[in-house]
Amino acid sequence: PWADKYPQSSPELLELLGGLLRFAPHKRLTVEEALRARFFESIVEDTPMAEENCTAISFDWEAPLVTAGENATMHFQELMYEECKAYHPEAPSWQEFQQQM
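Just so you know, the sequence shown maps onto residues -6 to 94 in the working numbering.
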């Protein structure tokens, strides 16, 4: 499927893209797996990954939504907005944003 969207891409890139963009988070490539992908063979040295130098990031909004339909969509939009707002504190609150729409 990715080859249909990106026909000029190399097989190595398409393989990496497919691994990173899987819908189910537990099936996606880890950072270490991605860095060891064939696409990066020529630029990544074969050195051990230093996990102690990494900081874990929590994506709470990826938790499964228990509701369905329009409410779930609105809830997901709000969570995404709040995640972005963490990097842009000057942005209006979700409620203020909704009133502007």
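By construction, the Cβ of each residue, glycine as well, lies at the ideal position given by its N, Cα and C atoms.
Note that the structure is predicted; figures quoted are calculated from it, not measured.
Cβ pair residue i, residue j closer than 9 Å
i: P85; j: Q93; result: yes
i: E31; j: L9; result: Residue identity differs from the one stated: residue 31 is Arg in this sequence, not Glu. In contact: R31 and L9 (Cβ atoms closer than 9 Å).
i: W(-5); j: S2; result: yes
Distance between residue j and residue i (C-alpha atoms, nearest Å)
i: L7; j: A27; result: 12 Å
i: R29; j: F16; result: 21 Å
i: I36; j: E89; result: 46 Å
i: H68; j: E76; result: 12 Å
i: D(-3); j: Y74; result: 31 Å
i: H19; j: N64; result: 25 Å
Closest residue to residue i among the options (Cα-Cα distance)
i: E5; options: F33, K(-2), H68, T23; result: F33
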